[in-house]
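The listed protein sequences correspond, in order, to chains A and B. Start counting the first sequence at 1; every next residue gets the next number (UniProt numbering). Start counting the second sequence at 1; every next residue gets the next number (UniProt numbering). Built from N, CA and C at the ideal position, the CB exists for glycine as well. I have placed the structure first, in the form of structure tokens, so that the comments after it can refer back to it.
2 protein chains.
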Amino acid sequence: MEPPAQPRRVTIVDVARHAQVSTTAVSKVLRNAYGASPEMRAKVRRAIDELGYRPLAAARGLRGQTYTIGVMLPDIRNPFFPEILDGITDRLTDTDYQVFLGPGCNGEKEEARVTEAMIDRGMDGIILIAPISPRAHLQRIASAVPTVVVGRHGHSPVYDTVTDDDVTGASLMVGHLADLGHRRIAHIEHHETDPTRIAEMPNAQRADGYRRAMRSLGLAEEIDIVSTSYTQQGGYEGAKKLLARPRRPTAVFAGADIVAMGVLEAFTEAGLSVPGDISVAGYDNTTFASFGPISLTSVDQAGHEIGGNAARLLLERIADRKKAPVQVKLSPTLVPRRTTAPPPA
Amino acid sequence: MEPPAQPRRVTIVDVARHAQVSTTAVSKVLRNAYGASPEMRAKVRRAIDELGYRPLAAARGLRGQTYTIGVMLPDIRNPFFPEILDGITDRLTDTDYQVFLGPGCNGEKEEARVTEAMIDRGMDGIILIAPISPRAHLQRIASAVPTVVVGRHGHSPVYDTVTDDDVTGASLMVGHLADLGHRRIAHIEHHETDPTRIAEMPNAQRADGYRRAMRSLGLAEEIDIVSTSYTQQGGYEGAKKLLARPRRPTAVFAGADIVAMGVLEAFTEAGLSVPGDISVAGYDNTTFASFGPISLTSVDQAGHEIGGNAARLLLERIADRKKAPVQVKLSPTLVPRRTTAPPPA
DNA sequence: CACCCTTTGGGAAACGTTACCCACGCACAG
DNA sequence: CTGTGCGTGGGTAACGTTTCCCAAAGGGTG
């Protein structure tokens with residue numbers, strides 16, 4: 001009766017014994033901490049390699065750090081988020097940190113569950129992407145662990161933020177459509193009632209940018225907003241409503257690419273040709289938008305840069321939790337494609 | 001000088017003191033372990049609620065479990081994977097387990113990094129989705145931690161697998177096209193050289209299913225496979241090659257929806273109408289496929305069920321690491337849409 | 001030569017939780 | 001009345017790592 005037995009994991013003690021030093025010494029080498037001579041470092045590193053030792057993050061977490069960063073994504077299906085994620089992982093690739101994603105957060109309860117789970121696992125920092133939780137909850141999270149909030153305007157003394165200038169983005173698009181000769185430019189927004197969110201969420205900022213741009217172009221009379229939701233279904237319904245208008249708009253600026261997809265579907269169904277009969281534009285420059293046969297005019301948010309900045313700020317905050325919070329605001333760019341053209345004569 | 005100080009986290013000791021019991025008792029209640037009377041449970045639970053106590057997963061991991069499950073996704077952009085993920089999280093939603101995703105694994109090195117990170121964090125089990133690592137590496141992972149491999153054929157004594165029957169799926173599609181009257185049905189596959197992968201990866205199985213179905217329909221002469229990659233670019237290039245054939249196929253069966261996207265793009269560019277001039281079909285039934293204006297005929301893999309089964313098997317294996325490995329094979333269904341029609345007369 | 005500082009190394013106590021085992025009290029059978 | 005067994009509860013030693021502190025050795029300064 002001699003089972004091969006679970007080969008016990010090699011620990012810091014094994015390394016110390018093998019290198020003939022103390023565990024303290026090994027720990028110092030692992031963390032590049034002060035108090036280890038070059039010879040000792042070499043000796044320990046050799047032992048680590050020979051034994052194939054890897055520190056157990058869970059145990060490290062009990063005293064120090066877990067070298068783990070959590071990222072919360074509201075919707076994994078939204079093709080814009082992978083861009084941000086790439087920016088984050090690229091920035092972190094040469095550090096000791098490892099990123100994990102908390103999935104499926106499409107409501108306040110789920111967000112709370114995921115963020116709590118991250119805190120309970122001793123993660124060293126977390127990045128929240130477009131969270132919908134109330135501000136107070138975000139502050140509570142941030143006071144427990146270094147936090148960066150992405151894609152939500154309005155700042156706080158306890159967390160850093162990275163946003164894209166949605167007002168400018170919306171202006172770019174309205175300007176583009178106006179340049180093409182459109183006057184009746186409609187907008188489909190995500191319906192929002194909560195006052196904080198109206199001030200902080202990107203969707204509200206886009207609608208606001210649309211309004212401002214229309215006014216500054218002297219098109220205040222033509223402002224026409226439909227409130228649905230940032231989903232394909234929302235776009236479909238919004239388009240239906242716009243089609244029912246006595247004076248149909250000549251261009252529809254959807255607040256997100258996914259919404260524009262629904263709009264395109266409704267227009268296809270109605271037998272309208274895009275952009276011949278009506279122009280359509282989105283926001284986010286997702287894979288959908290760049291896909292040839294669709295070729296949707298959109299606004300690019302530089303997701304990669306957003307993610308990179310978020311990761312950088314988080315590392316800085318982990319290094320110094322007391323540092324003054326920073327707000328990074330990036331500028332979007334217009335990506336004209338084939339769904340926008342001058343209005344029909 | 002009296003800073004508000006980081007309010008120290010509530011620990012099991014605090015709960016024990018507040019409820020006037022031992023920490024052992026609290027631990028038993030937390031884990032629903034044997035040896036606690038109903039009164040004691042009630043008392044402890046009340047204390048937990050009053051103090052807002054949440055156990056620290058990192059500390060639990062040192063002795064017992066971390067209640068954490070890791071999921072490795074090869075490509076977060078592939079719209080098929082969220083389906084699987086939903087299946088997993090739905091199955092786990094009422095348990096104490098929390099899922100975290102390891103992002104960005106598009107190579108063997110990255111896969112190794114992510115799986116090691118999961119093991120080092122003491123995760124209780126991991127689900128690998130369509131991993132490309134060599135079989136030996138998968139076995140090493142599985143011997144360190146309960147593992148379920150999804151979307152990879154061929155089984156092992158140390159891990160469970162969940163797959164979809166890709167051979168059947170390909171047959172369904174070929175049958176559908178043949179029923180419409182097509183004979184020159186081409187296939188675009190993901191190029192593969194590694195012999196193990198040829199046997200185990202879904203792409204190879206699909207190509208194999210295509211060949212078999214063609215033969216059994218008496219179309220052996222018409223077998224025509226282009227080897228590129230499962231990307232949009234791969235589909236684009238594959239389509240170009242097929243267009244250059246002396247006798248052009250009347251239908252193209254792409255091994256994945258994303259490939260079919262590239263095919264559609266190439267055909268649009270070439271001025272061909274789909275399905276008037278040529279039929280196109282994909283595989284995976286992604287959001288792309290179901291999107292109205294595209295409406296791609298595809299094969300549905302029941303991603304939700306795949307994920308649910310994977311989670312179930314993992315829980316079973318966590319409960320009993322010695323149990324015999326299980327292979328679950330699910331059946332795909334055909335989803336005919338508007339990109340397939342009878343060949344031109 | 002005495003003193004102090006710096007460098008190098010290690011011993012031991014945490015960190016928060018669970019697993020193992022033992023003690024107590026009670027009911028029940030012999 | 002004495003075991004025996006079960007239901008209940010707790011004491012304590014892990015788990016693997018880091019942090020705090022102290023000791024010894026070496027080198028410079030007065």
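Same chain, Cβ closer than 6 Å to Pro342 (chain B), five either side skipped, listed in chain order: Leu180, Gly181
Tell me, to the nearest whole angstrom, how far the beta carbon of His155 (chain A) is from that of Pro325 (chain A); I am working on the premise that it is less than 8 Å. 6 Å
Could you say which of B:Ile84, B:Gln98, B:Ala266, B:Ala251 lies nearest to Ala117 (chain A) if we only look at CA atoms?
B:Gln98
* Quick check: the stretch 256-275 of chain B against the stretch 234-247 of chain A, are there 3 or more CB pairs under 8 Å? -> no
**Q.** From A:Met201, A:Arg31, A:Leu51, residue whose alpha carbon lies closest to that of Thr11 (chain A)
**A.** A:Leu51
(Q) Is it buried or exposed, Val13 (chain B), if we count other Cβ atoms within 10 angstroms and call 16 or more buried? (A) exposed
- Query: Where does the unbroken alpha helix (DSSP H) through Ala207 (chain A) begin, and where does it stop?
  - Reply: 202-216
### Closest by C-alpha distance to Glu316 (chain A), when choosing among A:Pro131, A:Asp194, A:Arg121, A:Thr147
A:Thr147
Checklist line | Residues of its chain near Gln139 (chain B), where Cβ-Cβ distance is below 8 Å and the 5 sequence neighbours each way are ignored | finding: Ser156, Val158, Tyr159
Quick one: what's got a C-beta closer than 6 Å to Thr287 (chain A)'s C-beta in the same chain, skipping five residues either side? Pro79
| Apart from the five residues just before and just after Arg312 (chain B), which ones in its own chain have a Cβ nearer than 8 Å to its Cβ? | Arg91
message = Does Met123 (chain B) come out as helix, strand or coil in the three-state DSSP assignment?
response = coil
Which listed residue (A:Ala310, A:Arg321, A:Gln327, A:Val328) has its alpha carbon closest to that of Glu83 (chain A)
A:Ala310
So, with DSSP's three-state summary, where would you put Lys329 (chain A)?
strand
Measure from the alpha carbon of Ser227 (chain A) to the alpha carbon of each residue in A:Glu39, A:Asp257, A:Ala251, A:Ala186, then state which is nearest.
A:Ala186
Worksheet entry | Unbroken alpha helix (DSSP H) run spanning Gly64 (chain A), endpoints | Here Gly64 (chain A) belongs to no alpha helix (DSSP H), and DSSP marks it neither H nor E.
Rounded C-alpha distance that separates Val252 (chain A) from Ile278 (chain A): 8 Å
- prompt: In three-state DSSP terms, what is Gly70 (chain A)?
  reply: strand
Check your understanding: Nearest CA to the CA of Leu85 (chain A): which residue from B:Gly282, B:His18, B:Thr161, B:Cys105?
Key -> B:Cys105
Please report how far the alpha carbon of Thr250 (chain A) lies from the alpha carbon of Phe291 (chain A), in whole angstroms. 23 Å
**Prompt:** chain A beta carbons: is any one of them nearer than 8 Å to that of Pro325 (chain B)?
**Reply:** no
Determine the DSSP secondary structure at His190 (chain B), reduced to helix, strand or coil.
-> strand
Here's a check: name, in chain order, each residue in its chain whose Cβ is nearer than 8 Å to the Cβ of Asp124 (chain B), leaving out the five neighbours to either side. Gln65, Thr66, Tyr67, Thr68, Ile69, Tyr97, Val145, Pro146, Ile318
Near-chain A residues of the stretch 109-127 of chain B - C-beta to any C-beta below 7 Å:
Glu116, Ala117, Asp120, Arg121, Gly122
Since Gly169 (chain B) is in the alpha helix (DSSP H), which residue starts that stretch and which ends it? 166-179
Quickly, what does DSSP pair Val26 (chain B) with across the bridge? List them, please. Looking at the DSSP assignment, Val26 (chain B) forms no beta bridge with any residue, so it has no partner.
Q) In terms of alpha-carbon separation, which member of A:Arg211, A:Gly102, A:Pro344 lies closest to Leu272 (chain A)? A) A:Pro344
Next item on the list: State yes or no: is the beta carbon of Pro103 (chain B) nearer than 8 Å to at least one beta carbon in chain A?
Entry: yes
Fill in: Endpoints, beta strand (DSSP E) assigned at Phe100 (chain B)
98-102
Worksheet item: Which same chain residues, not among the five before or five after Gly102 (chain B), have their C-beta less than 8 Å away from its C-beta?
Response: Gly70, Val71, Met72, Leu73, Val114, Thr115, Ala117, Met118
(message) Does Asp86 (chain B) come out as helix, strand or coil in the three-state DSSP assignment?
(response) helix
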